[in-house]
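Single-structure report; data block below.
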């Protein structure tokens with residue numbers, strides 16, 4: 161057990177707290193150190209470690225995959241935009257405004273996520289922090305939703321889907337109209 165290190169001694173390579181370790185090797189990065197040689201470890205100012213940990217945790221929190229609620233809200237927002245595009249004729253100003261707003265939100269979220277990934281990449285390169293790849297899988301819904309809305313702005317496929325789904329009802333209404341019965345609202 162190491163006893164001659166100060167309480168705040170950290171690894172030179174990764175900043176891991178070295179107090180109370182069973183061996184003279186950093187468990188985080190594997191760098192050996194000598195408790196008697198102050199050149200093999202660092203003794204930073206008191207607030208340094210806490211600030212570094214807070215910074216790493218803040219980046220990790222922002223880059224975490226969205227939870228179930230966030231994914232459901234993203235999907236619901238996408239569905240709402242697609243329904244709005246399907247209901248109003250293509251080129252209607254509110255449709256374009258809603259679509260552009262959705263695309264700008266998706267782009268902003270994507271840029272924020274990319275910035276977090278770059279920050280985490282720098283942290284990983286210095287072996288300061290690790291973020292499991294499985295936690296990032298929740299972000300897969302964002303590009304899918306953005307692609308759906310973008311495709312709907314280019315071509316009004318939600319309108320075509322809505323027409324295809326309501327075509328049997330339209331055919332029934334047309335046959336009823338030919339028979340002399342007043343058609344109901346189709347829709």
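Numbering (our numbering), first residue to last: 161 to 347.
Using N, Cα and C, we set each Cβ at its ideal position, and we do this for glycine too.
Can you check which of these residues, the options, is closest to residue i by C-alpha distance?
i: residue 164; options: 174, 240, 201; result: 201
i: residue 171; options: 181, 191, 310, 183; result: 191
i: residue 183; options: 173, 194, 175, 174; result: 194
i: residue 314; options: 260, 265, 335; result: 260
i: residue 173; options: 304, 185, 180; result: 185
i: residue 231; options: 303, 197, 196, 264; result: 303
i: residue 305; options: 317, 239, 189; result: 239
i: residue 228; options: 301, 332, 341, 324; result: 301
Given a cut-off of 8 angstroms, decide if residue j and residue i are closer than it, judged by their beta-carbon atoms.
i: residue 321; j: residue 262; result: no
i: residue 312; j: residue 242; result: yes
i: residue 204; j: residue 234; result: no
i: residue 176; j: residue 187; result: yes
What does residue i pair with, by DSSP beta-bridge criteria?
i: residue 171; result: 201
i: residue 185; result: 192
i: residue 177; result: 170
Measure how close the beta-carbons of residue i and residue j come, nearest whole angstrom, since I'm counting them as under 8 angstroms.
i: residue 267; j: residue 244; result: That belief does not hold up - the Cβ atoms of residue 267 and residue 244 are roughly 19 angstroms apart, past 8 angstroms.
Using 7 angstroms as the cut-off, classify the Cβ of residue i as near or not near the heavy atoms of the ligand ATP, replying yes or no.
i: residue 191; result: Of the ligands one can find in the structure shown there are none, so the ligand ATP has no counterpart to examine.
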